[in-house]
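>
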Amino acid sequence: VQIGFVFLIFFGMFIDHRIIPVPAEQIAPHETLVVTDVFGVSMPDGFPVPLFGCYYPCGKTVTCALWELQVYLYPFWDTGRGWGVDYASSGIMRLAVVFGAVILLSILLGKFFCGWICPFGLYMDLISRLRKALRIKHRNFSDNFNEKFHQLGYVILALLIILSVIFGSQAIAGAQLVPGTEKGGFVYTYFSAPFCQVCPMKPLCVLLQASVGLMKPEWLVEATTGEFYQLGFYLTSLNLFVLGLVTVAAFFYRRVWCRICPLGALIALFNRFPPFKRFSGIRLDKVEEKCTKCGVCKRVCPTQVTEVYEQKGGDVTTSNCILCMRCVEMCPYEDTLKVKVAGKTVFKSRNWLE
78 VQIGFVFLIF FGMFIDHRII PVPAEQIAPH ETLVVTDVFG VSMPDGFPVP
128 LFGCYYPCGK TVTCALWELQ VYLYPFWDTG RGWGVDYASS GIMRLAVVFG
178 AVILLSILLG KFFCGWICPF GLYMDLISRL RKALRIKHRN FSDNFNEKFH
228 QLGYVILALL IILSVIFGSQ AIAGAQLVPG TEKGGFVYTY FSAPFCQVCP
278 MKPLCVLLQA SVGLMKPEWL VEATTGEFYQ LGFYLTSLNL FVLGLVTVAA
328 FFYRRVWCRI CPLGALIALF NRFPPFKRFS GIRLDKVEEK CTKCGVCKRV
378 CPTQVTEVYE QKGGDVTTSN CILCMRCVEM CPYEDTLKVK VAGKTVFKSR
428 NWLE
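The numbering used here runs 77 ahead of the 1-based position in the sequence shown.
1) Using DSSP with H/G/I as helix, E/B as strand and the rest coil, what is Ser119?
2) For the beta strand (DSSP E) containing Pro339, list its first residue and its last residue.
3) Could you spell out where the alpha helix (DSSP H) holding Arg403 opens and where it closes?
4) Between the beta-carbon of Asn316 and the beta-carbon of Pro280, is there less than 8 Å?
5) If Leu237 sits next to Phe272, beta carbons under 8 Å apart, how far is it from one beta carbon to the other, in whole angstroms?
6) Could you have a look at Ala105 and say whether DSSP puts it in helix, strand or coil?
7) Measuring CA to CA, which of Met278, Leu284, Pro294, Gln286 is closest to Val319?
8) Helix, strand or coil for Ile180 per DSSP?
9) What is the rounded straight-line gap between the Cα of Val416 and the Cα of Glu259?
10) Kindly list the residues whose CB is nearer than 6 Å to the CB of Lys425, restricted to its own chain and excluding five residues on each side of it in sequence; keep chain order.
11) For Cys368 versus Arg403, is the C-beta distance shorter than 8 Å?
12) Name the DSSP beta bridge partners of Phe424, please?
13) Using 8 Å for Cβ pairs, my map puts Phe218 next to Tyr330. What's the rounded Cβ distance?
14) Assuming the contact rule is C-beta atoms closer than 8 Å, Trp296 and Phe197 should be a hit. Round their C-beta distance to whole Å, please.
15) Alpha carbon to alpha carbon, what distance is there between Ser269 and Ser246?
16) Please report the straight-line C-alpha distance between Asp122 and Cys408, rounded to a whole angstrom.
17) By how many angstroms is the C-alpha of Asn348 removed from the C-alpha of Leu186?
18) Given this structure, state the Cα-to-Cα distance separating Gly157 from Gln228, to the nearest angstrom.
19) Determine the closest residue to Asp362 out of Lys293, Asp220, Lys389, with distance taken between C-alpha atoms.
20) Arg331 by DSSP, collapsed to three states: which one?
21) Relative to the C-alpha of Arg208, which residue among Leu340, Ala326, Cys141, Leu430 is closest?
22) Where do the N-terminal and C-terminal ends of the alpha helix (DSSP H) with Ile239 fall, by residue?
23) Helix or strand or just coil, what does DSSP make of Cys398?
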């Protein structure tokens, strides 16, 4: 299922290089994607979704919502590629589309995106499979540390939005709060999309694209400046360092990035509170009378969610749950845990001990 969704997200990557020739002077073919029109608002970067559909590789059918939040808060892209943006009109409208899409999808599907659709989630699951093949046991954080670790995602989300607003202050309010945000400035050149400079998905995408012949290796380090953090537009030392760190951590700790992912935090903002949860399309229910507190659900959860085990019954979906349904699959008691879509049970625990 995850592989199928990844193919759909990067569908154009597999076809556009055969259909549309790439000009020799073009940095790379990442501009080729499915351009979207939403209620008359042109979205040149594609339709925003709350998952790592990275902007930088070519041929996306959707685009990471964090990318679009950053670039529409700080409209830095008027570089002669064909779409300068009037911030006062189209920039605001595009921000509204991004927020509207994220809110709607977060309420309806919640972190189903994280558990089943996000390409980086698939990457971490493959790392876990490698660890299992090597017969190495995974490790767990303490419950107290894990709860605090989950909160880091909100800090990262707040930080990237604050930085984007500060960097875009001249476009937003006509006052430059920090130097270098003008066209050609230091911030404009290197930190215009602050999170993308450290995002582990970016190097993974472009390295994969280059490895299968869809991007020339020299494009990876195009516009090299010699700075320690900057290899090129597509690949930076910071990106590679974060990817390496997350990869090592994910080998020992299941779905470690999901616990601090700012996209996951963005989804959680809109599906953790009762007014929003009321309209949730997917929920996890627990029948208290059938639960024996065996603790299987707690042990098998890849993000170490404890609420399914601790809460008495009813809707036990939490903002940290990625809806991978592993707890439902492994629960040894009939009908104790149920996954409901639009109020109808689509998957439930079964007594696999007999």
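Note that the Cβ used here is the ideal one computed from N, Cα and C, for glycine as well.
Once the coordinates are examined:
1) In this structure, Ser119 counts as strand in the three-state DSSP scheme.
2) That residue, Pro339, is in no beta strand (DSSP E); its alpha helix (DSSP H) goes 339 to 346.
3) Looking at the DSSP string, the run of the alpha helix (DSSP H) that includes Arg403 is 403 to 407.
4) yes
5) 4 Å
6) Bear in mind that a pLDDT of 43 at Ala105, under 50, signals an unreliable position, so the model cannot answer this.
7) The candidate whose alpha carbon is nearest that of Val319 is Met278.
8) helix
9) 50 Å
10) Asp412, Lys415
11) no
12) Note: Phe424 sits in a beta bridge opposite Val416.
13) With a Cβ gap of about 7 Å, Phe218 and Tyr330 count as contacting.
14) About 22 Å separates the two Cβ atoms, so there is no contact after all.
15) 12 Å
16) 42 Å
17) 9 Å
18) Unreliable placement is indicated for Gly157, whose pLDDT of 38 sits below 50; the coordinate value is still reported in the next sentence. About 40 Å.
19) Lys389
20) Here Arg331 carries a coil assignment [DSSP, helix/strand/coil].
21) Ala326
22) First-last of the alpha helix (DSSP H) with Ile239: 220 to 244.
23) coil
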